[in-house]
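What follows is a single structure, written as structure tokens, with notes after it.
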Amino acid sequence: MDRYIIRGGNPLVGEVTIGGAKNAALGILAAAIMTSDPVRIENVPAVTDTEILLKAVEGIGVKITRPEKHTVIMDSSKLNSTFIDDEYMKKIRASYYLVGALLGRDKRAEVPLPGGCNIGVRGIDQHLKGFKALGAKVKIVHGCISAEAKELRGAHIFFDKVSVGATINVMMAAALASGRTIIENAAKEPHVVDLANFLNSMGANIRGAGTDVIRIRGVERLHGTDYAIIPDQIEAGTYMAAVAACHGDLIIRNVIPKHLECITAKLSEIGCQITEFDDAVQVTSYEPLTSTQVRTLPYPGFPTDMQPQITVALGLAQGISIVTEGIFDNRFKYVDELVRMGASIKVENNMALITGVSKYTGTGIVAPDLRAGAALVIAGLAAEGETIVEDTSFVERGYEEFDEKLRAVGADITKAAEGWEFEKSRLRIAE
Ligand code: EPZ
12 MDRYIIRGGN
22 PLVGEVTIGG
32 AKNAALGILA
42 AAIMTSDPVR
52 IENVPAVTDT
62 EILLKAVEGI
72 GVKITRPEKH
82 TVIMDSSKLN
92 STFIDDEYMK
102 KIRASYYLVG
112 ALLGRDKRAE
122 VPLPGGCNIG
132 VRGIDQHLKG
142 FKALGAKVKI
152 VHGCISAEAK
162 ELRGAHIFFD
172 KVSVGATINV
182 MMAAALASGR
192 TIIENAAKEP
202 HVVDLANFLN
212 SMGANIRGAG
222 TDVIRIRGVE
232 RLHGTDYAII
242 PDQIEAGTYM
252 AAVAACHGDL
262 IIRNVIPKHL
272 ECITAKLSEI
282 GCQITEFDDA
292 VQVTSYEPLT
302 STQVRTLPYP
312 GFPTDMQPQI
322 TVALGLAQGI
332 SIVTEGIFDN
342 RFKYVDELVR
352 MGASIKVENN
362 MALITGVSKY
372 TGTGIVAPDL
382 RAGAALVIAG
392 LAAEGETIVE
402 DTSFVERGYE
412 EFDEKLRAVG
422 ADITKAAEGW
432 EFEKSRLRIA
442 E
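Here the sequence shown stands for residues 12 to 442, where the numbers follow my numbering.
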């Protein structure tokens with residue numbers, strides 16, 4: 012297991028460039044198999060999650076070529092199966108997007124049920140509700156979702172709760188259903204809009220993405236396209252929160268400021284200066300942070316994927332802050348690790364009561380999931396002394412070159428293979 016070795020205390024100064032949105036890429040790479048024409052997709056982030064999804068589609072006969080690091084050309088003309096192997100679903104939940112894609116394309120799909128998750132119960136009942144409404148027979152057999160339909164027919168679907176995944180999955184299947192589909196209570200995240208734009212660039216007829224009512228007129232077939240994925244709002248927000256916690260002056264390039272509005276508003280509230288440009292934001296923070304309240308909500312509310320990062324910053328703010336997790340039922344597991352670094356946080360159900368402290372102190376910590384891992388790295392960068400964060404694999408699921416990008420703006424962070432002993436580094440401090 013690799014780990015991050017961090018010596019905290021350096022402000023973050025300079026420029027960082029944001030990659031393609033992981034959560035848009037996962038839907039788009041799945042949707043790309045819905046045509047037998049070649050599809051070229053640019054700005055694909057080189058992170059573990061997208062690599063695993065590409066392996067999953069290669070496993071059913073999709074030919075992948077990579078003309079350059081962030082560009083993928085997919086040829087699904089020789090798709091040879093509608094069964095996705097368990098090894099991929101075990102690694103990323105988003106493999107279930109292949110149900111919507113295969114159901115749309117071949118009217119059948121068999122994908123293993125997603126496993127458990129470190130941030131809470133993550134149901135798929137709304138996905139199945141949507142597929143059934145479109146006329147698919149859906150059953151759970153031998154731990155797999157098995158869906159098939161003689162024909163998919165448009166339907167009026169009202170989601171019982173806002174779900175990014177269900178919105179994306181059902182939108183894909185409905186794109187090739189006959190007739191009109193209306194999805195009510197749809198998710199409005201930027202990556203939902205990006206997928207709708209991608210499908211429309213393939214000849215789909217989808218209107219209203221980004222609002223809570225999406226209207227889809229099914230088409231006979233989808234054709235190839237050349238598409239570029241939007242920048243990753245959560246990667247950008249993570250670097251913004253890092254400046255708040257570590258102080259400094261960072262220009263974050265290749266962003267869509269509109270997608271960051273809620274994060275910008277919240278960081279401004281606690282004392283950061285934020286300047287917006289066409290495709291960049293500048294975050295400056297040299298004053299002590301002040302406390303605030305945060306509740307995570309579906310977009311355009313404060314993103315749940317930014318909850319650990321803002322909690323780390325508020326742990327160093329003057330006064331008492333409250334962070335309420337409005338989406339997942341167990342997304343504060345990382346707080347125990349943060350308390351070991353000196354944070355004063357009490358978690359009751361889905362609420363964290365934070366009493367700001369003057370500093371964190373470094374120690375060895377374990378990242379329980381992707382976004383918490385990035386947040387704990389930020390805590391190490393702000394802490395006094397040395398922090399070891401294990402293991403890097405969670406963070407690398409969603410952040411490309413995380414340590415390299417941080418090092419380039421002044422952070423003292425390196426990635427080390429297993430075997431690095433905390434004591435060794437402590438000895439070095441003693442020297
Ligand atoms: C997507 O997960 C993201 N993942 C998550 O990002 C993100 O946290 C989440 O949306 C919320 O924004 C991807 O896009 C790959 P949901 P998803 O369906 O689609 C419940 C990251 O760090 N629910 O919007 O699984 C569910 O349990 C990841 O990049 C049902 O009950 O999220 C949750 O409490 C973490 N039944 C809530 O809804 C369903 O059928 C929101 O889930 C579907 C969801």
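The C-beta atom is built at its ideal place from N, Cα and C for all residues, glycine as well.
Bounding residues of the beta strand (DSSP E) (the contiguous stretch that carries residue i)
{"i": "PRO123", "result": "119-123"}
{"i": "ARG306", "result": "304-306"}
{"i": "GLY176", "result": "Not the beta strand (DSSP E): GLY176 falls in the alpha helix (DSSP H), residues 175-186."}
{"i": "GLU336", "result": "Run containing GLU336: none; DSSP gives neither H nor E here."}
{"i": "ALA32", "result": "Counting along the chain, ALA32 falls outside any beta strand (DSSP E), and DSSP gives it neither H nor E."}
{"i": "MET100", "result": "Not the beta strand (DSSP E): MET100 falls in the alpha helix (DSSP H), residues 97-102."}
{"i": "PHE288", "result": "Looking at the DSSP string, PHE288 is not in any beta strand (DSSP E), and its letter there is neither H nor E."}
{"i": "LEU233", "result": "Premise fails: LEU233 is in no beta strand (DSSP E) and is neither H nor E."}
{"i": "PRO78", "result": "74-79"}
{"i": "MET85", "result": "82-86"}
{"i": "CYS155", "result": "155-159"}
Spatial distance of residue i from residue j (CA atoms)
{"i": "GLY235", "j": "LEU271", "result": "31 Å"}
{"i": "ALA256", "j": "LEU278", "result": "10 Å"}
{"i": "ILE44", "j": "ILE179", "result": "15 Å"}
{"i": "LEU114", "j": "GLU53", "result": "25 Å"}
{"i": "ALA427", "j": "THR46", "result": "42 Å"}
{"i": "VAL377", "j": "ARG18", "result": "16 Å"}
{"i": "GLY70", "j": "LEU210", "result": "23 Å"}
{"i": "GLU298", "j": "ALA324", "result": "13 Å"}
{"i": "VAL58", "j": "THR82", "result": "13 Å"}
{"i": "ARG116", "j": "PRO242", "result": "28 Å"}
{"i": "VAL181", "j": "ALA41", "result": "12 Å"}
{"i": "GLY151", "j": "GLU231", "result": "What sits at residue 151 in the sequence shown is Ile, not Gly. Rounded to the nearest angstrom, the two C-alpha atoms are 28 Å apart."}
{"i": "ASP340", "j": "GLU287", "result": "34 Å"}
{"i": "HIS258", "j": "LEU417", "result": "13 Å"}
{"i": "LYS143", "j": "LEU261", "result": "48 Å"}
{"i": "MET317", "j": "ILE63", "result": "23 Å"}
{"i": "ALA186", "j": "ILE281", "result": "43 Å"}
Own chain partners of residue i with C-beta closer than 6 Å, once the 5 adjacent residues on each side are dropped
{"i": "ASP237", "result": "ARG51"}
{"i": "SER355", "result": "THR366, VAL368"}
{"i": "ILE193", "result": "HIS167, ARG226"}
{"i": "ARG119", "result": "THR93, GLU159"}
{"i": "ARG437", "result": "Reliability fails at ARG437, whose pLDDT of 49 lies under 50, so the model's placement of it is uncertain and the value that follows must be treated cautiously. None."}
{"i": "GLY219", "result": "ILE225, ARG226"}
{"i": "ALA67", "result": "ILE95, TYR99, SER106"}
Whole-Å CB distance - residue i paired with residue j, under 8 Å assumed
{"i": "THR403", "j": "TYR15", "result": "6 Å"}
{"i": "ILE263", "j": "ALA247", "result": "5 Å"}
{"i": "LEU23", "j": "GLY391", "result": "Incorrect: roughly 13 Å between the Cβ atoms, too far for contact."}
{"i": "VAL173", "j": "ALA198", "result": "5 Å"}
{"i": "ILE103", "j": "ASP60", "result": "5 Å"}
{"i": "ALA32", "j": "ILE285", "result": "About 20 Å; that fails the 8 Å criterion."}
{"i": "GLY38", "j": "TYR108", "result": "6 Å"}
{"i": "ALA322", "j": "ALA386", "result": "Strictly speaking, residue 322 in this sequence is Thr, with Ala absent from that position. Their Cβ separation, rounded to whole angstroms, is 7 Å, which keeps THR322 and ALA386 in contact under 8 Å."}
{"i": "ARG351", "j": "GLY131", "result": "About 22 Å; that fails the 8 Å criterion."}
With 16 other Cβ atoms within 10 Å as the buried cut-off, status of residue i
{"i": "PRO309", "result": "buried"}
{"i": "ASP136", "result": "exposed"}
{"i": "ASN91", "result": "exposed"}
{"i": "GLN320", "result": "buried"}
{"i": "MET85", "result": "buried"}
{"i": "GLU359", "result": "exposed"}
{"i": "LYS89", "result": "exposed"}
{"i": "PRO78", "result": "exposed"}
{"i": "THR76", "result": "exposed"}
{"i": "MET183", "result": "buried"}
{"i": "GLU348", "result": "buried"}
{"i": "ASN21", "result": "buried"}
{"i": "MET12", "result": "exposed"}
{"i": "ASP289", "result": "exposed"}
Contact set for residue i: own chain, Cβ-Cβ below 7 Å, skip 5 residues either direction
{"i": "LEU381", "result": "PHE405, VAL406, ARG408, GLY409"}
{"i": "ALA177", "result": "GLN137, HIS138, GLY141, PHE170"}
{"i": "ASN34", "result": "HIS202"}
{"i": "ALA188", "result": "LEU145, LEU163, ARG164, GLY165, GLY229"}
Limits of the alpha helix (DSSP H) - the one that residue i falls within
{"i": "HIS138", "result": "136-144"}
{"i": "HIS202", "result": "201-212"}
{"i": "GLU272", "result": "272-280"}
{"i": "LYS459", "result": "Any property of residue 459 remains undetermined from this structure, which presents the chain solely from 12 to 442."}
{"i": "ILE63", "result": "59-69"}
{"i": "ALA393", "result": "381-393"}
{"i": "PHE170", "result": "Here PHE170 belongs to no alpha helix (DSSP H), and DSSP marks it neither H nor E."}
{"i": "LEU325", "result": "318-325"}
{"i": "GLY248", "result": "244-257"}
Proximal residues to residue i (C-beta, below 8 Å), its chain only, five neighbours per side dropped
{"i": "ILE333", "result": "GLN304, VAL305, MET362, ALA363, LEU364, ILE365"}
{"i": "ILE440", "result": "Residue placement at ILE440 is flagged as unreliable, the pLDDT there being 41, under the threshold of 50; the coordinate-derived value follows with that caveat. Here the set comprises GLY396, GLU397."}
{"i": "ASN196", "result": "PHE169, PHE170, ASP171, LYS172, VAL173, ASP223"}
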